[in-house]
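Take a look at the structure below.
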Amino acid sequence: MPGLGASFGRGAMTNHFIDMKNADVIVIMGSNFAENHPVGFQWVMEAVEKNNALLIHVDPRFTRTSSVAHKHVPMRSGSDIAFLGGMINHLLAGGKIDRDYVANYTNAPFIISDKYAFTEGVFSGLDAEKRSYNPESWQYEKGPDGKPKLDPTLNHPRSVFQLLKAHYSRYDIETVVKITGTRKEDVLFVYDAMASTSVPDRSGFFAYAMGWTQHSNGVQHIRTAAMIQLLLGNMGVPGGGINALRGHANVQGATDLAVLFHDLPGYLGLPAQGAHANLKEYLDKGPKAGFWVNRPAFVVSLLKAWYGDAARKENDFCFDYLPKSKGEHSFQQAFNVMAQGKIKGAVCLGQNPMGAGPNAAQMFAGLSKLDWLVSIDLFVNETAEFWKSHQTGGLGHTADPAAIKTEVFVFPAATVVEKSGSLTNSGRWIQWHEQGPKSPGDAKTDAVFTIRLGQALKKLYAGSAEKKDRPILDMTWDYGEKEEEIPARVLKEINGYAVKDVLKDGKAVVKAGEQLPSFIFMRDDGSTAGGCWIYTGVFAKENKAASRKADKPGEGIGSNLGWSFAWPANRRILYNRASADLAGKPRSDRKKVIWWDANAENPDGKKGKWAGLDVPDFGATMAPDAKPSDKGLFVGIGGMHPFIMNPEGRGRLFAAALKDGPFPEHYEPVETPVENVLSKQKSSPVAKIYKSDKNPIGTADKYPYVLTTYRLTEHHLAGAMTRNLPWLAELMPNL
């Protein structure tokens, strides 16, 4: 997510599964696509069989994906950035880039501060003791008007383009081969294949999954691929993009709704203690240009959805009720703190830390110090039984149940077919499904459990006059008593509604009580409420997630705009303004998505709007030659800026927003016995190291192995839901 967000403005798959059929070249890295996403993989095979696409799998292992690829290219585990960095050097040195796209749609012309430096694997601004960078020297150089300086020729020595060339000139083919262990001819085969998509008539995409994200430098793995796609002009076009293969268990929906520790729903960012004392401070520190300038409306609407009538302008719309980040609150850190006895209880809702956590000994240490633990799952799993001696045989000690104080409560959950609701797939499509059979016995859906828990808490705190209890008492929690109605009620709240008449030019455009048709109607004055702004439109007059109107065979590019609802605003290919040239004409008739129709009539009587095969990811009536404005929805964005979420309106080859460097750099893991060929800096100087007696830094002489985690078609994740099913256990018994 951060790698995509820092590059393009949103941390999401840029295209979608069906669009994969439009590709000419497909590179799968960090994923066993055929095994882990077999239904989605049909569109890869359609590209191969009907579009004559070249399929390449770069992976240390030969897998089911490798078996159907035209080329399997093995490489040393963890050397992805070296491999991809070499591709950047190959493209730049050979002039195999889409130069017009790079000059006009990326930040390549921007000039970086003269304080920026990179020496022996370390960027300027490092505080070695704190293991963190101060990114001040990574910023754009600005002119007297306060705006970033640009060099359209790309020749300025401190332009992003020239800094990029210098940085990756070190990644020559011999160095790449030495680091990755891949044969030179195989490396060049992949490089030349992707280079063939640098012309507007061809496109290619990268697909990745846990094989990238689970690396400690996974963000930079993804960033490197994003930079390649910007250089090739593969963003915003059919068959292009960076396709992040999310987990089947609604991982995309979970991140959208802020299951991650650092966010609020819709990627609004969690307030930080000390930095955001009030709502004004929180909003003032947001972007001053790009579509994110509308964030105040999204934040206030969220607060109104959560706290209803209690959220008023005079009390900061209950901003004080929000938890404030005190630092890191990641999964790993939570278990470190747990082991210190600082956490009283935990709820594992479809989560099995003992079976799937990164350090079972640390998981055990944390769970052992809880007062209580709730495990909600289909079957009793390793976490629910962590206190039993047989669960700790491989941890170097045997558990003593009598010495563990944790009280464990196990609740039966409902399966996905036993409940109605929506799932958001990797391509951002929100798809509704109805309940099949009823759950057996006392099994309840996650939604029912959560809502009943909230109701019990509100009842428990009823009558309290203490200020600290107001977030619970003021929380809106009206989802009805009928369990079958809960999912739709929740989705309606997520979509958003008008609390009062929503006005534009003095006229009501959405009446009080009506569902919001789009996030452009959200306001920061308390007149609208919405649980996740990017989902607005999914449940306006009807539940569009349940829509099933597919395109006719052979029609269009596979957008299927009448099938479900894709966030944001039902756009299927993000940044699709980049498929057109500066004048608004398709850069290629074969790869066209949207184009400017100067004669199209608009409701206000004016002429000119974007038309095409997808919903424009742009201002619908913003002309290609429109100048950036300091007012409206698109502050600082002109008609030639496809990446509307970034303040500069361009894709970022240089990204100062990331904490481990503006350019991805290859480092070796902390425990590796291998020296870093590229610099004296062996491992990342800002890599997060969790200090714990259960997490020692190992040495290769004691354990000279590289461990690989992977998924199986026959089992789901760590197998808690599938190991108990005889047919699946027989198909793949060794899990």
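Numbering (the numbering used here), first residue to last: 571 to 1305. By construction, the Cβ of each residue, glycine as well, lies at the ideal position given by its N, Cα and C atoms.
Note to self: Please report the distance separating the alpha-carbon of residue 994 from that of residue 825.
What the structure shows: Their backbone Cα atoms lie some 10 Å apart in a straight line.
Notebook entry, point to check: Got a sec? Which residues, its chain only, sit under 6 Å from residue 702 by beta carbon, not counting five neighbours each side?
Noted result: 1256
Checklist line | Rounded straight-line distance, which links the Cα of residue 866 to that of residue 1201 | finding: 15 Å
Next item on the list: Report the three-state DSSP secondary structure of residue 884 (helix, strand or coil).
Entry: helix
Item checked: Cβ-based burial, residue 640 [other Cβ within 10 Å; buried from 16] -> exposed
Check: For residue 1028, which option in 793, 1015, 1112 and 1042 has the closest C-alpha, if you only look at C-alpha atoms?
Finding: 1042
Notebook entry, point to check: Residues bridged to residue 1199 by DSSP?
Noted result: 1205
Checklist line | contact_flag[the region 1040-1057, the region 881-896] where n(CB pairs < 8 Å) is 3 or more | finding: yes
Check: Comparing alpha-carbon positions, which option in 1243, 836 and 1051 lies nearest residue 1106?
Finding: 836
Margin query: Tell me whether the region 831-850 and the region 1014-1026 touch, counting them as touching only if at least three CB pairs, one residue from each stretch, are closer than 8 Å.
Written below: no
Next item on the list: Count the C-beta pairs between the region 1200-1216 and the region 766-783 that are closer than 8 Å, then say yes if the count reaches three, no if not.
Entry: no
Next item on the list: Can you check DSSP and say which residues form a bridge with residue 1171?
Entry: 1177
Check: For residue 1056, which residues from the same chain have a beta carbon less than 7 Å from its beta carbon, with the 5 sequence-adjacent residues on both sides left out?
Finding: 1017, 1018, 1021, 1049 and 1050
Next item on the list: Answer with yes or no whether the minimum CB distance from residue 828 to chain B is below 9 Å.
Entry: Absent from the structure is chain B; it holds one protein chain and no more.
Note to self: According to DSSP, simplified to helix, strand and coil, what is residue 1095?
What the structure shows: coil
Check: Under 9 Å between the Cβ atoms of residue 1193 and residue 1166?
Finding: Going by C-beta atoms, residue 1193 is nearer than 9 Å to residue 1166.
Checklist line | Cα-Cα separation between residue 889 and residue 1251, rounded to whole angstroms | finding: 43 Å
Note to self: To the nearest angstrom, how far is the alpha carbon of residue 795 from that of residue 655?
What the structure shows: The alpha-carbon atoms of residue 795 and residue 655 are separated by roughly 9 Å.
Next item on the list: Name the two residues that bound the continuous beta strand (DSSP E) containing residue 838.
Entry: Per DSSP, residue 838 belongs to no beta strand (DSSP E) and is neither H nor E.
Next item on the list: Check each candidate in 935, 807 and 1054 and name the one with the smallest Cα separation from residue 971.
Entry: It is 935 whose Cα lies nearest to the Cα of residue 971.
Notebook entry, point to check: Rounded to a whole number of angstroms, what is the C-alpha to C-alpha distance between residue 785 and residue 1103?
Noted result: 30 Å
Item checked: Contact the region 740-753 vs the region 665-679: 3+ CB pairs below 8 Å -> The region 740-753 vs the region 665-679: no contact.
Next item on the list: Flag this pair as yes or no: are the beta carbons of residue 839 and residue 1099 separated by less than 9 Å?
Entry: no
Next item on the list: Only counting runs of 4 or more residues, tell me where the alpha helix (DSSP H) segments fall wholly within the region 942-1014, in order along the chain.
Entry: none
Item checked: Every unbroken alpha helix (DSSP H) inside the region 909-941 [4 residues or more] -> 923-926 and 930-938
Next item on the list: Run the proximity test for residue 587: is its beta-carbon closer than 8 Å to any non-hydrogen atom belonging to the ligand FMN?
Entry: The ligand FMN is not part of the structure shown, which contains no ligands of any sort.
Item checked: Cβ-based neighbour list, residue 827, same chain, cut-off 7 Å, excluding 5 preceding and 5 following -> 835 and 1102
Notebook entry, point to check: Roughly how many whole angstroms lie between the Cα atoms of residue 1183 and residue 1126?
Noted result: 6 Å
Margin query: Among the candidates 957, 651 and 1095, whose CA atom is the shortest distance from the CA of residue 883?
Written below: 1095
Margin query: Please return the same chain residues whose Cβ sits closer than 6 Å to the Cβ of residue 1178, not counting the five positions on each side in sequence.
Written below: 1168 and 1193
Item checked: Spatial distance of residue 1000 from residue 1133 (CA atoms) -> 9 Å
Item checked: Closest residue to residue 768 among 792, 791, 801 and 1283 (Cα-Cα distance) -> 801
Notebook entry, point to check: Does the region 627-641 come within contact of the region 698-715, defined as at least 3 CB pairs closer than 8 Å?
Noted result: Contact fails: fewer than three Cβ-Cβ distances are below 8 Å.
Next item on the list: Return the bridge partner residues of residue 713 from the DSSP annotation.
Entry: Paired residues: none, contrary to the question.
Checklist line | Minimum C-alpha distance to residue 978 - residue among 736, 941 and 1163 | finding: 941
Next item on the list: Tell me whether residue 628 is buried or exposed, calling it buried when 16 or more other Cβ atoms sit within 10 Å of its Cβ.
Entry: With 16 or more Cβ atoms within 10 Å of its Cβ, residue 628 is classed as buried.
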